[in-house]
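Only one structure is covered here, and it is reproduced in the block below.
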Amino acid sequence: MTVTQQAITDDSVLATGKLYSVQNVIEVAFAVVGLDWKIYVKRDSRFMRPAEPHKLVGNPAKAKRVLGWVSAVT
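Going by this note's numbering, the first residue of the sequence shown is number 1, and it counts up by one from there.
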């Protein structure tokens, strides 16, 4: 059943359930296009939140249970 076919609307998390840092995503994206990410991306400590948890992983269990949704790479 799709999201639009649900009798009651509700929130679902669409995620892989795997942990990736922003840096991991940037490294992969730039590698795909053959660029050195360090030339284009700069960290600015003013925008870093030291108290923020660093390991947050989305749990797609509800989306799988309710919608039959599973993450896939094509």
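Heads up, the beta-carbon is just placed ideally off N, CA and C, and yes, glycines get one too.
Item                                                                                                                : Value
Sub-8 Å separation of residue 59 and residue 15 beta-carbons                                                        : yes
Simplified DSSP assignment, three categories, for residue 12                                                        : coil
Other residues of its chain near residue 19: CB distance less than 7 Å, five sequence neighbours each side excluded : 55, 57
First and last residue of the uninterrupted alpha helix (DSSP H) at residue 30                                      : 22–32
Local Cβ density within 10 Å of residue 61, reported as buried at 16 or more and exposed below that                 : exposed
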